[in-house]
Amino acid sequence: MNERFEELLPWYVNGTLGADDRGWVERYAAEHPEAQAQIDWCRGLQAQIRASEPQIAPALGLDRVLQRIRRERPMMVQRVRSWLGALAAAPVAGVARPIGAVAALAIIVVQGGIIYQMRQDNSAQDEQLLRATKAMRVDEGPLLRVNFSPDAREAEIRMLLVAAQATLAGGPGQLGDYYLRVPAGRESAAVDRLRREPIVQAVELVPGVPARY
């Protein structure tokens, strides 16, 4: 599969590519049936995620987030796992198995999310994770400080982080700040890309997570 196509695929499926890149993807897909099949696969996965994901605004308190995810997560994970299993067991001619960002997305969905790093453990471990997330600490950067739109869906944020190869280093803070880590050397490119996303209100490069936020 073409490297540029693989890089642009998640953004194309999210509908957030610029006109030039979007046109290139569509021309490439028109000439390569396997690329169009990959797009269709990703859109199916996206639809499944959105159908299974609880709506959680980024500014929502972590206590309430934990309670809701703990309550709804097992059912959501089982539905998505079953869907992925059925897809893997039914080969379709011309459809390549998901690779790159798409494979990462599938793994993240089954594991339950990268935003809150929730584990399938008991309540005590969940509370320990909550305390660790809220702890006032300094995480050295460089990092991206991002504010998402209040109506952004968690599934949309997950897919955005996967496409940007970003992981959560801190947040959300009292003002809704998230701190994201991206691969070394890609910080500026990630800032430029995130600024074009409809669900991103603000993004800037910072030296690290402040001791108090």
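Taking this note's numbering, the leading residue of the sequence shown gets -2, the next gets one more, and so forth.
The C-beta atom is built at its ideal place from N, Cα and C for all residues, glycine as well.
- DSSP places Arg24 inside the alpha helix (DSSP H), whose first and last residues are 16 to 28.
- Using a 10 angstroms sphere on the CB of Gly168, the tally of other CB atoms reaches 16 or more, which defines it as buried.
- Boundaries for Pro147: no beta strand (DSSP E) harbours it, and the DSSP string shows neither H nor E there.
- The alpha-carbon of Asp18 is positioned some 8 Å away from that of Leu5.
- Spatial neighbours of Gln33 in its own chain (CB-CB distance under 7 Å, excluding positions within 5 residues in sequence) are listed in chain order as Ala26.
- At the C-beta level, Val179 and Ala163 come within 7 Å of one another.
- In the structure shown, Glu194 falls within a coil segment according to DSSP collapsed to helix, strand and coil.
- Boundaries of the alpha helix (DSSP H) harbouring Arg1: 0 to 11, taken from the DSSP string.
- If you check the CB distance, Pro139 and Leu191 do not come in under 7 Å.
- If you draw a 10 Å sphere on the C-beta of Asn(-1), you find fewer than 16 other C-beta atoms in it, and that means exposed.
- No residue range can be given for Arg183, since it is assigned to no beta strand (DSSP E) and is classified by DSSP as neither H nor E.
- Ranked by Cα distance from Val10, the first of Asp174, Ala44, Arg183 is Ala44.
- Straight through space, the alpha carbons of Arg1 and Leu42 are spaced by roughly 21 Å.
- Pairing Ala160 with Trp38 gives a Cβ-Cβ distance that is not under 7 Å.
- Per the DSSP secondary-structure output, Ala199 pairs in a beta bridge with Asn144.
- Annotation: the continuous beta strand (DSSP E) that includes Leu177 extends over 175 to 178.
- Ala187 counts as buried, since no fewer than 16 other beta carbons sit within 10 angstroms of its beta carbon.
- By the C-beta density criterion, Leu172 is exposed, having fewer than 16 other C-beta atoms within 10 angstroms.
- In the DSSP assignment, Gly168 falls outside any beta strand (DSSP E) and carries neither an H nor an E.
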